[in-house]
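Note sheet for the following structure.
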Amino acid sequence: MQMSKKRCFVGFFCDEKVTITEINQRFTGPEPAHEMVHRIRLTPPKSRHNLQKSLPIFNSLPTFNSLPSSSTSLPKTPTKYDTKMSTEHNATQPLPDELRDASNWYRQLASEGLARLNLSSSKLFTITAACQQSPTVVAQQLIESGLPKLMASAVLEFCQRATTSEIGSSYPMVSCAKVTELLEFFADLCSVGLLRDWLGLAGEGAIFWEPLLTVLCDDKLGRGTATALLENSTIKFLSKVTACHAKNQQVLVVAMISVLRSGVALATYNCRMTSRVKSSIAGFMRRLVVEILLEGEKLTVLIQSDRPLRDKKESAAESNSVQMYLSVNTKCGDILDRLETKFDEPRIVHRAIPDEEITGETTIALLLVKLSARGLSLSTLTITLNVTEADTKLDENPYADDRSESPASTPSPLPEDIDLVQLPTPLQVFASRGGLSLLALNLPKNYPELPNSTPKAKAILKNSLAACAVFLKLPDYAQMLLRDKIRAQCLLRLIFGETGDGEGNEIAKLPLLSSLPVVSFETLRQLLEDTPYTTEDGVRLWRLVIEVGAFHQVLDCLSIFSHHEPNGETSSASAAQGGKTYWPKGTGYGTGCEKSSWNYEQTQKHQKHEEELVIVLLKVLSMYINPADMIPSQLELSYEQCGEMLPELPPILLFLLLQSSLIPILNSYLRNDSVLDITLHIPLYQAILWLIRGVSLSRQLVPLLEDKSNAGGTTIATLLANMKACVELYVNNLKLDRKTTATTSKAKLDAEDEGLVVLFSDIKETLKLVQEATRVDGGGAVKKQSFQGGSSAVVSAVSAEDRYLELMKPLQFGSYDMIGEDGAFVISHHYGTKARYSGTRATPRQVKRLAQETVTLSTSLPLSFSSSVFVRTDTDRLDVMKVLITGPADTPYANGCFEFDVFFPSGYPSVPMSVNLQTTGKGKVRFNPNLYQDGKVCLSVLNTWAGRPEEKWNAETSSFLQVLVSIQSLILVPEPYFNEPGLEQRRGSPSGTQASVEYNRNIRLATVQHAMIDQIRSPCPCFKEIILAHFYLKRDEIRVQVDKWLSESDSRAALQQPCRVLLDELAKLQPPAVKQSEPPVVDVAAVAGPSSLTVPPPSPSPPPPVEPVSTTTSMEPNSEEPGLDWEDFADSDDGDGEGEGSEELSEPDEEDFDC
């Protein structure tokens, strides 16, 4: 086909998949094909007569102005034509004659009827192009001709025949392949607003929607390529016809719900586990939900400018307009980032709302809402935006397009809350009509496993998804969930087994992933809160929570997230492997590796996430039992009156709670007597107390408060009383009473203390309710006791162990006047000098943390007949302490008394406390590879060991109690020989066993000499009563112990004399007459003053320098094993500086980490 140099038009019909190469083969001329492409036009009016002669079937074919310059064929998605909103084209110009005659062609096709209707893809292509070129006129003519309805009838006929298994038909258009072409044709017509509106009209374009869904869901067509193509075309059509179109969304939702209720959208299968037939959602219905309801709506965005633009993601050349197919959630800032412009500061404007500021955070969905508020139709899947300079008004923009939207002559102002209005989505419409509730009855349970997730995170997500699937059965839960559209969409896609968010992103990589489990339960809590339980809807909701299994899911998840088994059966976290014992983490024993073996931050984050879940689950239970959180004293009502105002609970509720892990969980949290830990978890304890108040007010649930089966015989009332005593002690110590807070001092309450004050009030109110409900007096409270001695106090019918615990318990924690009025220490203390000169450097954070620590110590110090810990603080200063630890049984330290000096520096708790062992035989004995002769305690939590980061001191999680327990249980061990780095590998070998036995013999001798005899003869004044009582009460056991040690010793002579002296000293002891020391009270008001912890000496001077102390390991002579050199003890204290004026050792060098 030869072309001249003159401007001419040559037209032909071809398949829409024709390539440029094929065009070049048909046409020859002076210009290359790729240049001619930009000049392709359809037949102009003057040449139409000749084309009609050659193609008589297209009589009165309408003309077209032009095809787009950037394409040679009609693409499927998105349509590349320069389409606009349906209001862009107003039929204000006279209608050409050829367009008046176009309707004759449509009527001719329609008049042939369904029996003779046979449209090829080329014909459908021509009709689509005509409508897109003149959407207002041609689309109306097409609808009036009846041809679109005839096509819709062909699809309906196909569905009816498929339902009756009569697939064969004499109608040319009633076949799977032709129906697929018709659906593709309808999808292309959706770019024309008038036709998209018509396609959603009942009795017109929507007549085949429900029948088509029924056929595809019922799988009447079987599996095959033709069916797959038909399904794809259906999804494509429904996606385009409903996107941002509220009326069409309603039509689709009604059709889907009708299909779901008919049952054809369910597929049955045999369950291997139960051998039962179960139902699940049909494959095509699942595709509808995932690809339409849970997929982000998209539309064509046409961006225009008077300067060249270029899409960075496309290889096209610069032009004044760029088309993008974007999600309605796309931000305008992202569009600008994707564009390459010639502007210094580009901005996006819209001609219909030029006065509205469009920021980078403005989404396309919000623009559509504003356009709709201005009266513009959203029928067309295209929005036109303009890019201008930031300081240029749109009216001054020289670029103009007569096809652009024009605002109304007198636009009405947009509402002030327009930014809060959301564009309705098909998912929201589907949920509002109960569609998600229907789907929830047969949801699949094959939840995906997201990559790069820890096993704990996967378990949390899996259980949360299962719970959400059950909650969807509740009325209005889905609508409540969809208030947060983005998270709800991600959550529902995961339930349906999809790992993408519908916007092209992986959910596993989104920051909101960790919040998805919380959303499931928080939505249920919000639903219960927003639904008054006194209304009919409320009564129905409270009943369905039990019937659909939502309450069971809450209890199950609470058990999992809090790590409690139902009925109080706790799983063992660790067990001995192969009969071997391994050192626990946190001590630094072993190789001394500094590389972290686990991610501490990730662990902390996971624990916090679990706590958030536990809190919201407790709130759900509380909201179900006691929605208004009624407190009789605050409402001025009686206990009985408040109980009558609670919702009516089903009788089975008590049984469910008794069978669950709720009571063990509550007991576990209420047993916590650490004010420091309670302060860090105030929201958790507030949720617990709310739940307990609800249980107390419900007569039906009161038996839960008296349950002792899973609480070690301790009731909730007793545990609450203990917690009240602990918090009250701390509040009194810091004088945080609300009545005196404003006038106490300059110190102000921080948020943490405010929360603790509120919590203390909640504890008191809750305890009153529990006592009222159970008629108890709270006798389990921690009470201050005093022991008045005398032999009569010791002589008792109880066992020696019980007597020991009874007498020692009141003595565990107390105060002592370690510092005189002049600021000088009256007793020996390793850190005396440092404490004197640090008194003015105390900080409020230090005082507050020490007050929390002392409350914990007053109730949680280890106490047993085997080994106990005792603590004394200075009467006026909490940063100066002394500690006494009795050696554990079955160790070479058994029944010995080991004294430690402790000092808390001004940087505490950012830095750990300093601890020094004083029981060293004046620096002669090294009791352990981790306890040096100079008293240094080698422990990772004290940062004196080159351990892993997670084993070091942490200001948020580490505590003084942790340090004491570590010394007691991880240093004073049965075989301390293996604490030496590198020697733990010899454990179990004959040489290692023999070396350990020899090492223990030396430790036993040192224990008898210095931890027993010296302690009895010269006890520290702080612990004199404790030491004498300890040895008196355990004298019989010590005699047996000494005899055993002598029998096991090869060198009886070395041990026999000290043991004889010990027995003589034990015989001299008198029955103890002990007196409890009062716990210290510190006024936080003094923090603001210069002498917050002590009064400094009159003329302070810098502490004298101290020579470095050697910290090398004492070894047996000519031996490679760690041991004790009994013959070469030095008379000096090796610079240990016991007593006032002694200094803390300097930071150990790298070579010091040989412990």
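First residue of the sequence shown? That's 40 in the numbering used here, and the numbers climb one at a time after it. Heads up, the beta-carbon is just placed ideally off N, CA and C, and yes, glycines get one too.
- Identity of the residues DSSP links to E379 by a beta bridge: Against the sequence shown, residue 379 aligns to sequence position 340. Partner(s): R349.
- Query: Who are the near neighbours of I1077 in its chain, counting only those whose CB is closer than 6 Å to its CB and skipping five residues on each side?
  - Reply: To locate residue 1077, count along the sequence shown from 1; it is residue 1038. For I1077, where only same-chain residues beyond five positions count, the Cβ hits under 6 Å are N934.
- For F937 versus T958, is the C-beta spacing smaller than 8 Å? For the purposes of this step, residue 937 is identified with residue 898 of the sequence shown, where counting begins at 1. For the purposes of this step, residue 958 is identified with residue 919 of the sequence shown, where counting begins at 1. Their beta carbons are under 8 Å apart, which means F937 touches T958 by this criterion.
- Quick one: is P690 near chain D, going by C-beta distance under 8 Å? No chain D appears in this structure, which consists of one protein chain only.
- Query: Which class does R300 belong to by DSSP, given the choice of helix, strand or coil?
  - Reply: Counting from one through the sequence shown, the residue named residue 300 turns up at place 261. Helix, per DSSP.
- Note the first and the last residue of the continuous beta strand (DSSP E) segment covering N955. For the purposes of this step, residue 955 is taken as residue 916 along the sequence shown, with counting starting at 1. Counting along the chain, the beta strand (DSSP E) containing N955 begins and ends at S953 to L956.
- Item | For L251 and L549, the rounded distance between their alpha carbons | Locating residue 549 in the sequence shown gives position 510, counting from the first residue. Locating residue 251 in the sequence shown gives position 212, counting from the first residue. Cα to Cα, L549 sits roughly 37 Å from L251.
- Message: Can you look up G853 in the DSSP assignment and give me helix, strand or coil?
- Response: Counting from one through the sequence shown, the residue named residue 853 turns up at place 814. Strand.
- Proximal residues to E379 (C-beta, below 6 Å), its chain only, five neighbours per side dropped: Within the sequence shown, numbered from 1, the residue matching residue 379 stands at position 340. Closer than 6 Å at Cβ, skipping near neighbours: R349 and K351.
- Chain-order list of residues whose beta-carbon lies under 8 Å from that of V741 (same chain, five-residue window excluded): Taking the sequence shown and counting its residues from 1, one reaches residue 741 at position 702. Cβ within range, chain order: V734, S735, A812 and T813.
- Item | Opening and closing residue of the beta strand (DSSP E) in which D1075 lies | Within the sequence shown, residue 1075 is the residue found at index 1036, counting from 1. First-last for D1075: R1074 to E1087, but that is the alpha helix (DSSP H), not the beta strand (DSSP E).
- Task: Give a yes or no on whether the C-beta atoms belonging to Q1007 and S906 are separated by under 8 Å.
- Result: Counting from one through the sequence shown, the residue named residue 1007 turns up at place 968. Counting from one through the sequence shown, the residue named residue 906 turns up at place 867. Closer than 8 Å, so yes.
- Query: Tell me, which residues are paired with R532 by DSSP?
  - Reply: Position 493 of the sequence shown, counted from the first residue, corresponds to residue 532. BP columns for R532 are empty, so no partner.
- Message: As an exercise, report each continuous alpha helix (DSSP H) stretch of at least 4 residues that is fully enclosed by the segment 505 to 592, in chain order.
- Response: 516 to 520, 524 to 534, 555 to 569 and 575 to 586
- Can you give me the Cβ contacts of L656 inside the same chain, cut-off strictly under 8 Å, excluding the 5 residues immediately before and after it? Walking along the sequence shown from the start, residue 656 turns up at place 617. Once the five neighbours on either side are set aside, the close Cβ partners of L656 are F560, V593, C596, L597 and F600.
- Query: Where DSSP assigns a beta bridge to Y364, which residues make up the other side?
  - Reply: For this step, residue 364 is matched to residue 325 along the sequence shown. Beta-bridge pairing links Y364 to T339.
- Tell me the DSSP bridge mates of P385? Residue numbering aside, residue 385 sits at position 346 when the sequence shown is read from its first letter. According to DSSP, which records beta bridges pairwise, P385 is partnered with E428.
- Query: Taking the C-alpha atoms as reference points, what is the distance between P968 and N1039?
  - Reply: By 1-based counting over the sequence shown, the position of residue 968 is 929. By 1-based counting over the sequence shown, the position of residue 1039 is 1000. Taking the straight line from one Cα to the other gives about 12 Å.
- Exposed or buried, which one is P556 when buried takes at least 16 other CB atoms within 10 Å? Against the sequence shown, residue 556 aligns to sequence position 517. That one is buried.
- Task: Can you tell me the Cβ-Cβ gap for E793 and L723, rounded? I've got them flagged as a contact below 8 Å.
- Result: If you number the sequence shown from 1, residue 793 lands on position 754. If you number the sequence shown from 1, residue 723 lands on position 684. Actually they do not touch by this definition, with Cβ atoms about 17 Å apart.
- Residue range of the unbroken beta strand (DSSP E) whose run includes E938: Sequence index remark: in the sequence shown, residue 938 carries index 899 (1-based). First-last of the beta strand (DSSP E) with E938: C936 to F942.
- In this structure, does DSSP put D801 in helix, strand or coil? To locate residue 801, count along the sequence shown from 1; it is residue 762. Looking at D801 - three-state DSSP - the assignment turns out to be helix.
- Task: Might you give, ordered along the chain, the residues of its own chain that have their beta carbon closer than 8 Å to the beta carbon of L701, omitting 5 neighbours on each side?
- Result: Taking the first residue of the sequence shown as position 1, residue 701 is located at position 662. Excluding residues within five positions, the ones whose Cβ falls inside 8 Å are L594, L597, L660 and L743.
- Along the chain, where does the beta strand (DSSP E) that runs through T925 open and close? Along the sequence shown, one-based indexing puts residue 925 at 886. Start and end: V919 to T925.
- Identify, in the order they occur along the chain, each residue of the same chain with its Cβ nearer than 6 Å to the Cβ of V231, setting aside the five sequence neighbours on each side. As a working note, residue 231 is residue 192 in the sequence shown. Closer than 6 Å at Cβ, skipping near neighbours: C170, P174 and A178.
- Item | alpha helix (DSSP H) segment containing S741, residue limits | The residue given as residue 741 occupies position 702 in the sequence shown. The question names Ser, yet the displayed sequence has Val at residue 741. Neither: V741 is in no alpha helix (DSSP H) and is coded neither H nor E.
- For S209, which of P690, E196, H602 and L221 has the nearest alpha-carbon? Start at 1 with the first residue of the sequence shown, and residue 209 comes out as number 170. When only C-alpha atoms are compared, the closest one is E196.
- Task: Compute every distance between the C-beta of L652 and the non-hydrogen atoms of the ligand GTP, then say whether any falls below 7 Å.
- Result: In the structure shown, the ligand GTP is absent, as is every other ligand, since no ligand is present at all.
- Item | Validate contact between the segment 1040 to 1048 and the segment 1056 to 1065 using beta carbons, cut 8 Å, 3 pairs | no
- Query: Apart from the five residues just before and just after I1052, which ones in its own chain have a Cβ nearer than 7 Å to its Cβ?
  - Reply: Numbered from its first residue, the sequence shown carries residue 1052 at position 1013. Only P1097, V1100, L1101 and E1104 meet the Cβ criterion.
- Query: Would P368 pass as a contact of G399 if the rule is Cβ separation under 8 Å?
  - Reply: As a working mapping, residue 368 is identified with position 329 in the sequence shown. As a working mapping, residue 399 is identified with position 360 in the sequence shown. For the record, residue 368 in the displayed sequence is Asn; it is not Pro. It is not a contact, given that the beta carbons lie outside the stated cut-off.
- Item | Among A168, T718, I727 and T930, nearest to L709 - alpha-carbon criterion | Within the sequence shown, numbered from 1, the residue matching residue 709 stands at position 670. Measuring from the Cα of L709, the nearest candidate turns out to be I727.
- Which listed residue (V218, L238, G474 and C198) has its alpha carbon closest to that of V292: For the purposes of this step, residue 292 is identified with residue 253 of the sequence shown, where counting begins at 1. If we check each option's Cα against that of V292, G474 comes out closest.
- Contact check, T538 vs I546, beta carbons under 8 Å: For the purposes of this step, residue 538 is taken as the residue at position 499 of the sequence shown. For the purposes of this step, residue 546 is taken as the residue at position 507 of the sequence shown. A contact, by the Cβ cut-off of 8 Å.
- Query: Does the distance from the CB of G244 to the CB of A191 come in under 8 Å?
  - Reply: Translated into positions along the sequence shown, residue 244 becomes position 205. Translated into positions along the sequence shown, residue 191 becomes position 152. Against a cut-off of 8 Å, the Cβ pair of A191 and G244 comes out as a contact.
- Message: Alpha carbons only, please: which of S945, E1019 and D801 is nearest the one belonging to R888?
- Response: Here residue 888 refers to the residue found at position 849 when the sequence shown is read from its first residue. Here the closest residue by C-alpha is S945.
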